[in-house]
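Working notes, beginning with the structure itself.
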Amino acid sequence: MAPNMAKKTLETETSKESEANKSHDAAARAGVREQLKQFTWAWFSMTMSTGALAAVLYNTPNRFSGLLTIGKIFLIIDIVFFCLFVGAITARFVLEPSALPRSLHHPTESLFFGTFWVSIALILQNAQFYGHRYAGAWLVTALRVCFWLYVGLIFLVGIFQYHTLFIKERLQVPGMMPAWILPIYPFLVAGPLAGVLLESQPESHAISMLIGGVMFQGLGWMVSVFMYTIFIIRLMSSDLPPPSMRAGMYVSVGPACKLDTPTTTPLLKQATDTFHSIHFSRSYHPRIPSPEGPPARLPRNHICPRRRFAEGTRCVFGHLHLASGLLVLHAI
Amino acid sequence: MFSGIFIWLLGFWFSMLSSLAVVAGLKRFSFDLTWWAFIFPNAGLTLAAIQIGEALDSPGINDVTSAMTIVLVILWLVVAGANIKAFWEKKILMPGKDEVR
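Heads up: the sequence lines are chains A and B, in that order. Going by numbering that gives the first Met the number 0, the first sequence opens with residue 0, and the numbers climb by one from there. Going by numbering that gives the first Met the number 0, the second sequence opens with residue 0, and the numbers climb by one from there.
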């Protein structure tokens, strides 16, 4: 009995091995075309990571002289690979046109469509960071145009992608991954992008970017909170994801961090300043000093443009009140 | 700025939860494109911490965020290396390997 069993298991093992060898050979023979057909939207998470890293390197405190250069290297790698990946995914859809609609409602891959847009936003953000000192006024206009185009497109993506998922797929809660946040993730990045870009924009454009930025962050954050709820439900009532997918759990960190970046900070700061000036001074015209001087601020070793902008828009934002922020947005 | 401080720890909490989950399943799982998810959210966390450090003008926070940046760069190199290795060994971007239906 036992020797027969041993023989059988040995046979099945060798046949499994030969099968594995066969598939390996088949894979090895697959050419570039086959490879391109496998190029999923998920590859854009690479450009997303590289762009995010370039942004971090630009903002790091404790700088040393080579830091900006390292950041620029990452940015260049990011842009090069982004162009490469755009070419690859275009090639994939040219080779197999039916793959385009399929990829956009595949239960996992379609979610990564958002990474493409976030990569674009990060490139724009890094263009502002690394470029605004060297490029001329054209960069300001170009970034503004790109920004609003981008916002329009991601709004379409945010609506249609979820709509497609609602119709075409039945995703189960026990299988929920934070990647479900990814279609709205571009909005989460659009907020900070607005905050970064508005610093060099002329005032009227800066105001619209500021309002827009707050709205985008609001949308991104609220939908993320909904997804957080589902994620916690999944984790409490069901297993952890399989080990190979656990890296995907990190996507849940994204929204919580994007909330406290350039847009919210100056807006809320300025709203608190304006609130103080309404309540503690007769007039809130920027040129007439209030009785007890300017409101207390935390010391900032930071750039003038933000403060100038804050002063200049105090008139416009005269009614901007922290508690009634939404009301103001309606009024404007 | 206070909203930043209010929310940052949420991101850090999720980051720690995910790290623990990853470490618990660390039986040599093969490279996957989701490995890049190690970097971009944590880069966001670092960026947010930098903002907080700036607003509070704290050298302590600045040093911690600089350390986080270094960790991020190292992570990027590791993931990039693993990606190139997997690409070279034809473990990804192959028919039947990825999620293409």
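We put the beta carbon where it would ideally sit given N, CA and C, even for glycine.
Buried or exposed for residue i, going by 16 or more other Cβ atoms inside 10 Å?
i                            : result
glycine 292 of chain A       : Bear in mind that a pLDDT of 49 at glycine 292 of chain A, under 50, signals an unreliable position, so the number given afterwards is only what the model happens to contain. Classification for glycine 292 of chain A: exposed.
glutamate 108 of chain A     : buried
alanine 54 of chain A        : buried
asparagine 300 of chain A    : Note on asparagine 300 of chain A: pLDDT 43, under 50, position unreliable in the model; the coordinate value appears next. By the 10 Å Cβ count, asparagine 300 of chain A comes out exposed.
lysine 167 of chain A        : exposed
leucine 121 of chain A       : buried
methionine 221 of chain A    : exposed
leucine 74 of chain A        : buried
phenylalanine 39 of chain B  : buried
threonine 39 of chain A      : buried
glycine 3 of chain B         : buried
glycine 53 of chain B        : The displayed chain sequence assigns glutamate, not glycine, to residue 53 of chain B. Answer is buried; the Cβ neighbour count reaches 16.
tryptophan 137 of chain A    : exposed
leucine 148 of chain A       : exposed
leucine 325 of chain A       : Unreliable positioning characterises leucine 325 of chain A in this predicted model, as indicated by a pLDDT of 44, which lies under 50. The coordinate reading is nonetheless provided below. Looking at its Cβ environment, which holds fewer than 16 other Cβ atoms inside 10 Å, leucine 325 of chain A is exposed.
arginine 132 of chain A      : exposed
arginine 32 of chain A       : exposed
histidine 339 of chain A     : The structure shown does not extend to residue 339 of chain A, since chain A is modelled only from 0 to 331, so the question has no answer here.
glycine 86 of chain A        : exposed
alanine 126 of chain A       : buried
leucine 83 of chain A        : exposed
glycine 65 of chain A        : exposed
alanine 193 of chain A       : buried
tyrosine 283 of chain A      : Unreliable placement is indicated for tyrosine 283 of chain A, whose pLDDT of 41 sits below 50; no coordinate value is reported for it.
arginine 169 of chain A      : exposed
alanine 47 of chain B        : buried
asparagine 41 of chain B     : buried
threonine 8 of chain A       : Because threonine 8 of chain A carries a pLDDT of 49, less than 50, the predicted location of this residue cannot be relied on, and the following value inherits that uncertainty. It is exposed - the Cβ of threonine 8 of chain A has fewer than 16 other Cβ atoms within 10 Å.
arginine 62 of chain A       : exposed
phenylalanine 146 of chain A : buried
threonine 49 of chain A      : buried
proline 201 of chain A       : exposed
proline 100 of chain A       : exposed
aspartate 62 of chain B      : exposed
phenylalanine 111 of chain A : buried
phenylalanine 334 of chain A : Nothing about residue 334 of chain A can be reported from this structure: the residues present for chain A run from 0 to 331 only.
tryptophan 12 of chain B     : exposed
threonine 68 of chain A      : exposed
aspartate 31 of chain B      : buried
Output, in chain order, the set of chain A residues within a Cβ distance shorter than 8 Å of residue i.
i                     : result
leucine 9 of chain B  : Ala255
glycine 52 of chain B : Pro60
leucine 76 of chain B : Within 8 Å Cβ-Cβ: nothing; leucine 76 of chain B doesn't reach chain A, min ~10 Å.
Report the neighbours of residue i on chain A: residues whose CB is nearer than 7 Å to its CB, in chain order.
i                     : result
alanine 81 of chain B : Under the 7 Å cutoff, chain A gives no residues; its nearest Cβ is about 11 Å from alanine 81 of chain B.
So which residues of chain B does residue i contact, with C-beta pairs closer than 7 Å?
i                        : result
valine 55 of chain A     : Ala42, Thr45, Leu46, Thr68 and Leu71
tryptophan 42 of chain A : Leu32
alanine 134 of chain A   : Chain B residues near alanine 134 of chain A: none, gap ~23 Å exceeds 7 Å.
leucine 239 of chain A   : Ala20
valine 85 of chain A     : Correct list: empty, because the minimum Cβ distance to chain B is about 16 Å.
Any chance the CB of residue i is under 7 Å from a heavy atom of the ligand FAD?
i                     : result
lysine 257 of chain A : As far as ligands go, the structure on display features none, and thus does not contain the ligand FAD.
Run down chain D in chain order and give the residues with a C-beta less than 9 Å from the C-beta of residue i.
i                     : result
valine 195 of chain A : In the structure shown, chain D does not exist; the protein chains are A and B.
Give the interface partners of residue i over in chain B, defined as CB-CB distance under 8 Å, in chain order.
i                         : result
methionine 175 of chain A : Correct list: empty, because the minimum Cβ distance to chain B is about 14 Å.
methionine 47 of chain A  : Trp35 and Phe39
alanine 51 of chain A     : Ile38, Phe39, Ala42, Gly43 and Leu46
alanine 126 of chain A    : Correct list: empty, because the minimum Cβ distance to chain B is about 17 Å.
alanine 189 of chain A    : Per Cβ cutoff of 8 Å: no residues; alanine 189 of chain A is ~14 Å from chain B at best.
Chain B partners of residue i, CB-CB under 9 Å?
i                       : result
tyrosine 249 of chain A : Phe13, Ser14, Ser17, Ser18, Val21, Thr33, Ala36, Phe37, Ile38, Phe39, Pro40 and Asn41
leucine 192 of chain A  : Here the premise fails: no neighbours, minimum Cβ distance about 12 Å.
alanine 120 of chain A  : Chain B residues near alanine 120 of chain A: none, gap ~12 Å exceeds 9 Å.
valine 172 of chain A   : Within chain B, no residue comes near valine 172 of chain A; the closest Cβ sits about 18 Å away, beyond 9 Å.
Enumerated in chain order, which unbroken segments of the alpha helix (DSSP H) with a length of 4 residues or greater are wholly contained in the region 92-171 of chain A?
-> Fully enclosed alpha helix (DSSP H) runs of 4 or longer: 98-104, 112-130 and 136-167.
Uninterrupted alpha helix (DSSP H) stretches inside the region 182-260 of chain A (no shorter than 4 residues) | Qualifying alpha helix (DSSP H) stretches, in chain order: 184-196, 202-236 and 252-257.
Note down, in chain order, all residues in the region 203-225 of chain A with a beta-carbon under 7 Å from any beta-carbon belonging to chain B.
-> Listed by position along the chain: nothing, the set is empty.
Near-chain B residues of the region 83-114 of chain A (beta-carbon distance less than 7 Å), N- to C-terminal order = Going along the region 83-114 of chain A in chain order, one finds Arg101, His105, Thr107 and Glu108 with a Cβ nearer than 7 Å to chain B.
Taking the runs of the alpha helix (DSSP H) that are 4 residues or longer, which of them lie wholly in the region 33-90 of chain B?
-> If you keep only unbroken alpha helix (DSSP H) runs of at least 4 residues inside the region 33-90 of chain B, you get 39-55 and 58-87.
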